[in-house]
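Trainee: Quick one: the structure is below, questions incoming.
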């Protein structure tokens, strides 16, 4: 091994050890149950690096694996990610096709033996209108869910293709349908709608923290019903493929401060 | 025990770091452009979300502070040429002060020819009548008002046209006090999830009435009711009874947060309307505010007024924001 290679190995090792120690220390305080991510910035990251857009998405998948590892080490029980919006189908066809191929490959990699979900005992849920995906992706999703159905340490909700307004509208529709079938007398309440949201159907804990990367300060139709009450919302400048523990550190510390002050 | 101590030390360093950020945020940021400056884009609808971190907040104490923040926001909007403003507080304190706000707004806006002022309480939404319905009154909800709207200035014709769809983003070429109608919405939590529940209830009762009238058998696996996203959007957003989404939201802490930096929370703002809203928030409380709060022994006695500087900063951020809409 050359001196440079040894220096890089030593640096990576040192960073890895520091991160593990830090994660162990953070766990001594309150940890959120449910954290959601809007994984934004893959294309701008690719543009800045001078690589193809699909490389940005591929590096974004690597970042997802990294964040899942961190969340698992912190014992965060539920992670939700905005993997693909219904509006994303409006993107150029070659980009959409590339994303579908990446989704098919990545899902199987995530869920296979030795993959990150198996390693950390994470069960996969998909929230969204999966019937809009090509058959190959739907098959990969079904297989991935089957492979992880017995995992019980944590849950990963992949929202794809998803939009919050679609979720709320479907919940309204189902609420009216069920009320008609039951011949309901008493008025419909917020709870009736909330119980029919996609997150409720997979019995997900209330959302504690929502993080959007890339500096954009909008919710973009993600978990709107779930995040407007007691959720801490963080907009960070880091592009999604670059996200790491030191981006999450102030967010976890803020959460702990909030819990201690209540 | 040792690990907890180390965690405590990390929090101590973090507090120190936040104090530095707070000072930088207050004294070393670049000066935002004036209210009347030309910007790439300006919001046509701005929302101010007034948040208090104080769980023991007394409504009587908060009312005057909220009213002053509202007046400040109106003045800034008028100067910047923004013609639609929502002011939100979770508990509806401003809704209860509707008459006071109407009087104060009337004093600061110029009179017009026929109807200088139109202040109305808008009841929660009723779904539009279907084409083949013979129910003339629909299923009206007779409960508490969830949003109150004041239209001021402009002409009677312009007032009648209000509520139709408008472009989301205006490109301003002239500024200063506008002769256009100024619309102020007073909004509370009830405008959000409770309204969606009330609309759902109306839809259910209308559908049930239709099924009974047409003697349609009710089966669990039958498709008894359908509604699209655009239909629900029309009910919730469009027309005189709708509440359209703000382009830009400024979340403002009116009381000093317990910590130097309070993370952003939306305080139960209507979820449907916040889909594409640009959110501006400065969670840092100034050292002077915190010192004053400590001196007065109660945070509720130190109100943080919405400043023109915050307003200008929010407009600058909005003008630089990119809207890709999923593409």
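Chains as they are written, first to last, in my numbering: chain A, 1 to 262; chain B, 1 to 327.
Positions of the beta carbon are idealized from the N, C-alpha and C atoms, including for glycine.
1) By Cβ distance below 7 Å, which residues in the same chain neighbour residue 305/B in space, the five residues on each side in sequence not counted?
2) With burial defined as no fewer than 16 other Cβ atoms inside 10 Å of the residue's Cβ, what is the status of residue 123/A: buried or exposed?
3) Could you tell me whether any Cβ in chain A is nearer than 8 Å to the Cβ of residue 4/B?
4) State yes or no: is the beta carbon of residue 94/A nearer than 8 Å to at least one beta carbon in chain B?
5) Judging by CA-CA distance, which residue of 91/B, 87/B, 75/B and 82/B is the nearest neighbour of residue 106/B?
6) Along the region 30-48 of chain A, where does the CB come closer than 8 Å to a CB of chain B? Name the residues.
7) By how many angstroms is the C-alpha of residue 99/A removed from the C-alpha of residue 247/A?
8) When DSSP builds the beta bridges, which residues end up paired with residue 273/B?
9) Indicate whether at least one CB of chain B lies closer than 8 Å to the CB of residue 232/A.
10) So, is residue 318/B buried or exposed, given that buried needs 16 or more other C-beta atoms within 10 angstroms?
11) If the criterion is Cβ atoms closer than 8 Å, does the pair residue 21/B and residue 94/B meet it?
12) Report yes or no: is there a C-beta of chain A within less than 8 Å of the C-beta of residue 11/B?
13) Given that residue 303/B touches chain A, what residues does it touch there, using C-beta distances under 8 Å?
14) Just to confirm before moving on: does the CB-CB distance between residue 164/A and residue 208/A stay below 8 Å?
15) Taking only three categories from DSSP, how would you classify residue 72/B?
16) Identify the residues that DSSP records as bridge partners of residue 26/B: which are they?
17) Please report the distance separating the alpha-carbon of residue 37/A from that of residue 202/A.
18) Let me check understanding here. Comparing Cα to Cα, which of 90/B, 245/B and 184/B lies closest to residue 218/A?
19) Check whether the Cβ of residue 172/A lies closer than 8 Å to any Cβ atom in chain B.
20) Note down the Cα distance separating residue 61/B from residue 91/B, rounded to an integer number of angstroms.
21) Restricting to runs no shorter than 4 residues, where is the alpha helix (DSSP H) found entirely within the region 173-224 of chain B?
22) Is there a Cβ from chain A that is less than 8 Å from the Cβ of residue 275/B?
23) Would you mind giving the Cβ-Cβ distance between residue 66/B and residue 50/B, rounded to the nearest angstrom? I have them listed as a contact below 8 Å.
24) Using a Cβ-Cβ cut-off of less than 9 Å, give me the residues of the region 186-219 of chain A that come near chain B, in sequence order.
25) State the Cα-Cα distance for the pair residue 35/B and residue 195/A, rounded to the nearest angstrom.
26) Would you report the Cα separation of residue 58/A and residue 250/A, rounded to the nearest angstrom?
27) Count the CB pairs spanning the region 166-183 of chain A and the region 48-55 of chain A that are closer than 8 Å, and state whether there are at least three.
28) For the region 121-206 of chain A, which segments carrying the beta strand (DSSP E) assignment without a break, of at least 3 residues, lie completely within its bounds, in sequence order?
29) Could you confirm whether any beta carbon from chain B is found closer than 8 Å to the beta carbon of residue 252/A?
30) Please compile the residues from chain A whose C-beta is within a distance smaller than 8 Å of the C-beta of residue 49/B.
31) So is residue 38/B buried or exposed if we call it buried at 16+ other beta carbons inside 10 Å?
32) Classify residue 121/A as buried or exposed, calling it buried when 16 or more other Cβ atoms lie within 10 Å of its own Cβ.
33) Would you mind giving the Cβ-Cβ distance between residue 179/A and residue 193/A, rounded to the nearest angstrom? I have them listed as a contact below 8 Å.
34) Are residue 256/A and residue 92/A touching if we call contact CB-CB under 8 Å?
35) With contact counted as at least three CB pairs below 8 Å, one residue from each stretch, are the region 257-276 of chain B and the region 206-218 of chain B in contact?
36) Output yes or no for whether 8 Å exceeds the beta carbon distance between residue 89/A and residue 161/A.
Mentor: Put simply:
1) Residue mapping note: residue 305/B aligns to position 305 of the second chain, counting from 1. Excluding positions up to five away in sequence, the list reads 68, 69 and 72.
2) As a working note, residue 123/A is residue 123 in the first chain. When all chains shown are included, residue 123/A counts as buried.
3) Numbered from its first residue, the second chain carries residue 4/B at position 4. Taking Cβ atoms only, chain A reaches closer than 8 Å to residue 4/B, which makes this a yes.
4) Translated into positions along the first chain, residue 94/A becomes position 94. Not one chain B Cβ lies under 8 Å of residue 94/A.
5) One-based indexing of the second chain puts residue 106/B at position 106. Comparing Cα-Cα distances from residue 106/B to each of 91/B, 87/B, 75/B and 82/B, the minimum goes to 75/B.
6) Those residues of the region 30-48 of chain A that come within reach of chain B (Cβ to Cβ, closer than 8 Å) do not exist; the list is empty.
7) One-based indexing of the first chain puts residue 247/A at position 247. One-based indexing of the first chain puts residue 99/A at position 99. Between residue 247/A and residue 99/A, the C-alpha separation is close to 26 Å.
8) Along the second chain, read from residue 1 onward, the residue named residue 273/B stands at position 273. Note: residue 273/B sits in no beta bridge, so no partner.
9) Counting from 1 along the first chain, the entry for residue 232/A is found at position 232. Yes, because at least one Cβ of chain B sits closer than 8 Å to the Cβ of residue 232/A.
10) Mapped onto the second chain, residue 318/B falls at position 318. Result: buried.
11) Your numbering for residue 21/B matches position 21 in the second chain. Your numbering for residue 94/B matches position 94 in the second chain. No, Cβ-Cβ distance for residue 21/B and residue 94/B is not below 8 Å.
12) In the second chain, residue 11/B corresponds to position 11, counting from 1. Residue 11/B counts as touching chain A.
13) The residue labelled residue 303/B in the question sits at position 303 within the second chain. Chain A residues near residue 303/B: none, gap ~20 Å exceeds 8 Å.
14) As a first step, residue 164/A must be located in the first chain, where it is residue number 164. As a first step, residue 208/A must be located in the first chain, where it is residue number 208. Cβ distance not < 8 Å, so residue 164/A and residue 208/A don't count as in contact.
15) Residue mapping note: residue 72/B aligns to position 72 of the second chain, counting from 1. Residue state, collapsed to three classes: helix.
16) Along the second chain, read from residue 1 onward, the residue named residue 26/B stands at position 26. DSSP lists no partner for residue 26/B.
17) Looking up residue 37/A in the first chain gives position 37. Looking up residue 202/A in the first chain gives position 202. Annotation: residue 37/A to residue 202/A spans about 18 Å, alpha carbon to alpha carbon.
18) Looking up residue 218/A in the first chain gives position 218. Among 90/B, 245/B and 184/B, the Cα nearest to that of residue 218/A is on 245/B.
19) In the first chain, counting from the first residue as 1, residue 172/A sits at position 172. Answer yes: the Cβ-Cβ gap between residue 172/A and chain B drops below 8 Å somewhere.
20) Reading the second chain from its first residue, position 61 is the one you call residue 61/B. Reading the second chain from its first residue, position 91 is the one you call residue 91/B. Near 13 Å, if we compare the C-alpha coordinates of residue 91/B and residue 61/B.
21) 193-213
22) Locating residue 275/B in the second chain gives position 275, counting from the first residue. Answer yes: the Cβ-Cβ gap between residue 275/B and chain A drops below 8 Å somewhere.
23) Here residue 66/B refers to the residue found at position 66 when the second chain is read from its first residue. Here residue 50/B refers to the residue found at position 50 when the second chain is read from its first residue. Yes, residue 66/B and residue 50/B are in contact; Cβ-Cβ is about 6 Å, under 8 Å.
24) 187, 188, 189, 190, 191, 192, 193, 194, 209, 216, 217, 218 and 219
25) Working through the second chain from its first residue, we reach residue 35/B at position 35. Working through the first chain from its first residue, we reach residue 195/A at position 195. A straight line joining the alpha-carbon of residue 35/B with that of residue 195/A spans about 45 Å.
26) Taking the first residue of the first chain as 1, we reach residue 58/A at position 58. Taking the first residue of the first chain as 1, we reach residue 250/A at position 250. Going from the Cα of residue 58/A to the Cα of residue 250/A covers about 26 Å.
27) no
28) Listed in chain order, the beta strand (DSSP E) runs fully inside the region 121-206 of chain A are 122-127 and 154-159, counting runs of at least 3 residues.
29) What you label residue 252/A is simply residue 252 of the first chain in a count that begins at 1. It does not; no Cβ of chain B falls within 8 Å.
30) On the second chain, residue 49/B is found 49 positions in, with the first residue counted as 1. Per Cβ cutoff of 8 Å: no residues; residue 49/B is ~10 Å from chain A at best.
31) The count along the second chain starts at 1 and reaches residue 38/B at position 38. Exposed is the call here.
32) Position 121 of the first chain, counted from the start, is the residue given in the question as residue 121/A. Classification for residue 121/A: exposed.
33) One-based indexing of the first chain puts residue 179/A at position 179. One-based indexing of the first chain puts residue 193/A at position 193. About 11 Å separates the two Cβ atoms, so there is no contact after all.
34) Translated into positions along the first chain, residue 256/A becomes position 256. Translated into positions along the first chain, residue 92/A becomes position 92. Cβ distance not < 8 Å, so residue 256/A and residue 92/A don't count as in contact.
35) no
36) For the purposes of this step, residue 89/A is taken as residue 89 along the first chain, with counting starting at 1. For the purposes of this step, residue 161/A is taken as residue 161 along the first chain, with counting starting at 1. In contact: residue 89/A and residue 161/A (Cβ atoms closer than 8 Å).
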